[in-house]
Amino acid sequence: MTNTDISTEQSKEHKATERRLEKRFRKALTDYALIADGDKVLVALSGGKDSLFLLEMLAKRSRIFKPRFSVEAVYVRMRNIQYESDCTYLHDFASKLGITLHVVETEFNPNTDKRKSPCFLCSWYRRKAIFRLAQDLGCNKLALGHHNDDIIHTALMNLFFHGSLSSMPPSKPLDKMPITIIRPLCLEHEEDIARHAASAAYQKQKKLCPYERDSHRSDIAHIYRTVETMSPEARFSIWHALGYDNATSTQSTPPLSPITPI
3 MTNTDISTEQ SKEHKATERR LEKRFRKALT DYALIADGDK VLVALSGGKD SLFLLEMLAK
63 RSRIFKPRFS VEAVYVRMRN IQYESDCTYL HDFASKLGIT LHVVETEFNP NTDKRKSPCF
123 LCSWYRRKAI FRLAQDLGCN KLALGHHNDD IIHTALMNLF FHGSLSSMPP SKPLDKMPIT
183 IIRPLCLEHE EDIARHAASA AYQKQKKLCP YERDSHRSDI AHIYRTVETM SPEARFSIWH
243 ALGYDNATST QSTPPLSPIT PI
């Protein structure tokens, strides 16, 4: 095969990946009614490939006539933990998309707050900061970058460790504030997002968290890949079991579950 043939084949694969991503994104927005006219959406930006892709897709979609909605983004910096993305890169990324990025700071003391693990507390305080900003900005939707694989892995973890077949729904109204959490990437496959991130040259986040360690999530991901080799339809079977092929479903992970990521 010549270099020209290889280049042509790669171009075809790239276009096929982009079509799949766009098709699934539109389907998620439509099937689960994630966006409506007049919505103000705040995207939780971590700096990872998933949230960057989410911001890119929502920014592009917001320029289409219907539905009319606005998008802003937030990145949370934890003062006492040196675990952060390059904010200059995030600002530039958002700016090129015509999106305003808000950087907010928060902190917690793992030495005095013994209610949960440092990882749980970090996620908890980040969430609080994001919810507070969403209310201050008047946002009624909070978009998180969980894709289909994240949701399935969480379902399996809850099944194995909590005895509950539940996960993170495509849409979930909050009880105590007028905000709905949405997951527009809920139908996207991580493999396709990774391909897009590579072709778009997303900058990778440096991981410097002092509390970072191996978790069961990577083990579950390995188990799931093994199951998929035995049953290629496993992804769709689990999704059906969760009830998420019913667009009205708001089933969620058990409250305060430590395995639910932001």
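Add 2 to a position in the sequence shown, counting from 1, and you land on the number used in my numbering. All C-beta atoms in this analysis are idealised placements derived from N, C-alpha and C, irrespective of residue type, glycine included. Please read these numbers as outputs of a predicted model, since none were measured by experiment.
Separation of residue j from residue i, as counted between CA atoms
i	j	result
T108	A196	30 Å
Y127	H242	33 Å
T19	F55	13 Å
K98	V73	13 Å
H16	P120	40 Å
Y91	L60	18 Å
Q12	P234	24 Å
Q205	D247	34 Å
S166	G100	41 Å
H218	E230	18 Å
D94	L144	21 Å
P175	F163	26 Å
I37	E24	16 Å
C185	H149	A small correction: the amino acid at residue 185 is Arg; Cys does not occupy that position in the sequence shown. Going by the C-alpha atoms only, they are around 8 Å apart.
Closest Cα partner of residue i within the set the options
i	options	result
L139	R129, E190, A75	A75
G245	K17, Y34, R28	Y34
R79	V105, E190, L56, F55	V105
N82	I154, A200, N113, D151	N113
R227	I181, M159, D151	D151
R22	D194, A203, A96	D194
D102	E58, L187, T182	In the sequence on display, residue 102 carries Thr and not Asp. Nearest option by C-alpha distance: E58.
F238	H218, I222, C188, H224	C188
A236	L176, H155, F162	H155
M179	L158, A223, C141, G165	C141
H224	L158, A96, C124, F27	L158
Supposed close pair residue i, residue j - CB separation, criterion 8 Å
i	j	result
F71	G40	7 Å
S53	G147	4 Å
L44	A136	5 Å
I267	S169	Since the first residue of the chain shown is 3 and the last is 264, residue 267 is not available in this structure.
Heavy atom of the ligand HEM within 7 Å of residue i beta-carbon
i	result
R129	Although the ligand HEM was asked about, the structure shown includes no ligands whatsoever.
Query raised in the report: Do the region 79-96 and the region 48-58 meet, that is, are 3 or more Cβ pairs less than 8 Å apart?
Result: yes
Requested in this report: For the region 95-132, list the beta strand (DSSP E) runs that are entirely contained and at least 3 residues long, ordered along the chain.
Outcome: 102-108
Requested in this report: List in chain order: all unbroken alpha helix (DSSP H) runs of 4+ residues lying wholly within the region 147-231.
Outcome: 150-164, 192-201
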